[in-house]
Amino acid sequence: MKRLLALTLALLPTLATAGQITLILSDKIETSDGKICLYENAVKSEQVKVTASAQCRHTMTFED
Numbered sequence: 114m115k116r117l118l119a120l121t122l123a124l125l126p127t128l129a130t131a132g133q134i135t136l137i138l139s140d141k142i143e144t145s146d147g148k149i150c151l152y153e154n155a156v157k158s159e160q161v162k163v164t165a166s167a168q169c170r171h172t173m174t175f176e177d
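Under this note's numbering, think of the first position of the sequence shown as 114, with each following residue one higher.
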């Protein structure tokens, strides 16, 4: 029983982050009404539009 409990507790952090992926800022594109922040890794890429006064975050977590 203790072994099962230990295994369950060991897997909880993995299950809590399942479905999320953290990407690194790869590029910023200036537009007339703001910026487009491009995030990517070897498998996935995402883009986020922000206002001109906002900064692109270095890393961003997305739902997978």
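Note that the Cβ used here is the ideal one computed from N, Cα and C, for glycine as well.
Helix, strand or coil, according to DSSP, for residue i in the structure here?
| i | result |
| --- | --- |
| residue 115 | helix |
| residue 172 | strand |
| residue 147 | strand |
| residue 161 | strand |
| residue 140 | strand |
Are residue i and residue j touching if we call contact CB-CB under 8 Å?
| i | j | result |
| --- | --- | --- |
| residue 150 | residue 157 | no |
Since residue i contacts residue j with CB under 8 Å, what's their CB separation in whole angstroms?
| i | j | result |
| --- | --- | --- |
| residue 176 | residue 132 | 6 Å |
| residue 170 | residue 136 | That pair is no contact at about 10 Å. |
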